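Colleague: In this text, residue positions in the sequence shown follow full-length UniProt numbering: the first is 1, and each later residue adds one. Ideal Cβ placement from N, Cα and C applies to all residues, glycine included. All of these numbers come straight from a predicted model, not from anything done at the bench.
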Amino acid sequence: MAQWGPVARWGRRALSALGPWGPGSITGRRRSISLSVGASGIFGSRGNSEKKFSLQDVAELIRTRACQRVVVMVGAGISTPSGIPDFRSPGSGLYSNLQQYNIPYPEAIFELEFFSHNPKPFFTLAKELYPGNYRPNIIHYFFRLLHDKGLLLRLYTQNIDGLERVSGIPVSKLVEAHGTFASATCTVCRRSFPEEDFWADVMMDRVPCCPVCVGIMKPDIVFFGEPLPERFLLHVLDFPMADLLLILGTSLKVEPFASLSEAVGGSVPRLFINRDLVGSFAWRPRSRDVVQLGDVVHSVQRLVELLGWTEELQDLIQRETGKLDGRDK
Ligand code: CNA
1 MAQWGPVARW GRRALSALGP WGPGSITGRR RSISLSVGAS GIFGSRGNSE KKFSLQDVAE
61 LIRTRACQRV VVMVGAGIST PSGIPDFRSP GSGLYSNLQQ YNIPYPEAIF ELEFFSHNPK
121 PFFTLAKELY PGNYRPNIIH YFFRLLHDKG LLLRLYTQNI DGLERVSGIP VSKLVEAHGT
181 FASATCTVCR RSFPEEDFWA DVMMDRVPCC PVCVGIMKPD IVFFGEPLPE RFLLHVLDFP
241 MADLLLILGT SLKVEPFASL SEAVGGSVPR LFINRDLVGS FAWRPRSRDV VQLGDVVHSV
301 QRLVELLGWT EELQDLIQRE TGKLDGRDK
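1) Between the Cα of ALA177 and the Cα atoms of LEU152, PRO229, ARG270, which residue gives the shortest distance?
2) Would a C-beta distance cut-off of 8 Å place THR185 and LYS218 closer than the cut-off?
3) Could you tell me whether any non-hydrogen atom of ligand 1 is closer than 7 Å to the CB of LYS253?
4) What's the call for ARG327, buried or exposed, on a 16-neighbour Cβ count within 10 Å?
5) What are the start and end residues of the beta strand (DSSP E) that includes PRO241?
6) When we look at the beta-carbon of PRO136 and count the other beta-carbons within 10 Å, is it buried (16 or more) or exposed?
7) Taking all protein chains shown into account, do 16 or more other C-beta atoms lie within 10 angstroms of the C-beta of GLU311, making it buried, or fewer, making it exposed?
8) Can you list, in chain order, the residues of its chain with a C-beta nearer than 7 Å to that of LEU316? Leave out the 5 residues immediately preceding and following it.
9) Would you decide whether ARG283 is buried or exposed? Buried here means 16 or more other CB atoms lie within 10 Å of its CB.
10) Tell me which same chain residues have a C-beta within less than 6 Å of the C-beta of GLY75, skipping the five on either side of it?
11) What does the Cβ neighbour count give for PHE181, buried or exposed, with the cut at 16 atoms within 10 Å?
12) Can you tell me the Cα-Cα spacing of ARG206 and LEU112, whole angstroms?
13) Taking only runs that begin and end inside the segment 126–150, name each unbroken alpha helix (DSSP H) of 4 or more residues, in chain order.
14) Across the segment 300–308 and the segment 274–282, are there enough close Cβ pairs to call them in contact, namely three or more that are closer than 8 Å?
15) Which class does residue 330 belong to by DSSP, given the choice of helix, strand or coil?
16) Using a Cβ-based criterion (distance less than 7 Å to any ligand heavy atom), does ILE247 qualify as near ligand 1?
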């Protein structure tokens, strides 16, 4: 069965740019511990018998600005603390809860053919994800703080909830790999429209139509078989430049996004924070990998503590929450 996301026919340029990485096999294992893989740190080569590279080492690299080109990759797991279910967590995941949308199988909601016959389930989901319905959480604001401190090279997100934008990270720092609800395109005449042109209809349970040709207007979310946004090609520049890779809340199952986790240099530390051990962290771990298994909020809080940023982050969250409260009044 196809994975959600543009796995089938993404743009030829993106394909050649990505090179020959394969998805590999996934071995998900549940653990509730934090573990570090390998032994050598960026501080110099250390034998396997010596100190493991740890969360504290990663914090030190950020705190001392030894790493200043941090690339972040995220998935649905960073938005579950905001109340948005992920796809694959048994029971609570979106795929388990799609019965209400009356669709033949879960992935159909993101298939163009199904959408052209019955766009309503997709727009029901869109209404649920309306930008005002959910708020960024501590994880989004941690990335915002990384940006404010001039340490964020780019944040690559698979999420379509737009919470990275809401947290105040500029769009220039984001690659929304699976698209965005911030704009829409007419499925017939291909005219582009800003989000203001379709949300009113979506909120009134109407299918938004192009004011020019009356074709269905589809928000710019990447469906199966559609090319990824052009900005995804930024990875060709960003990943070779990265000096630290943070990966949070993703099952690393959707290509080509998942393979980016292997696109940084072999000596670049990678910190993976997730409930499950997946992807290359399970089947091809590197010496400078740090893996934190368990709840993503707990791990980020711990990292923020180690950085000594707890108070600063609380202030930022308070300020930004105040702005959102004002907006929603
Ligand atoms: P996924 O396949 O559902 O995986 C999510 C991962 O996050 C899983 O490994 C979970 O165990 C883990 N996870 C969930 N909650 C937590 C938590 N609190 N603490 C630690 N780990 C947690 O999602 P991916 O993003 O990897 O899959 C790719 C799809 C899902 C993307 O294309 C997304 O667009 C799509 N999606 C997005 C949203 C959103 O925009 N918020 C929601 C649901 C699905």
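Modeller: From the atom records:
1) PRO229
2) yes
3) yes
4) exposed
5) First, the amino acid is wrong: residue 241 is Met here, not Pro. No beta strand (DSSP E) contains MET241, which is instead part of the alpha helix (DSSP H) from 235–241.
6) buried
7) exposed
8) TYR141, ARG144, LEU145
9) The question names Arg, but residue 283 in the sequence shown is Trp. It counts as exposed.
10) GLN158, GLY249, THR250
11) buried
12) 18 Å
13) 138–148
14) no
15) Any answer about residue 330 is impossible in this case: the structure gives the chain only from 1 up to 329.
16) no
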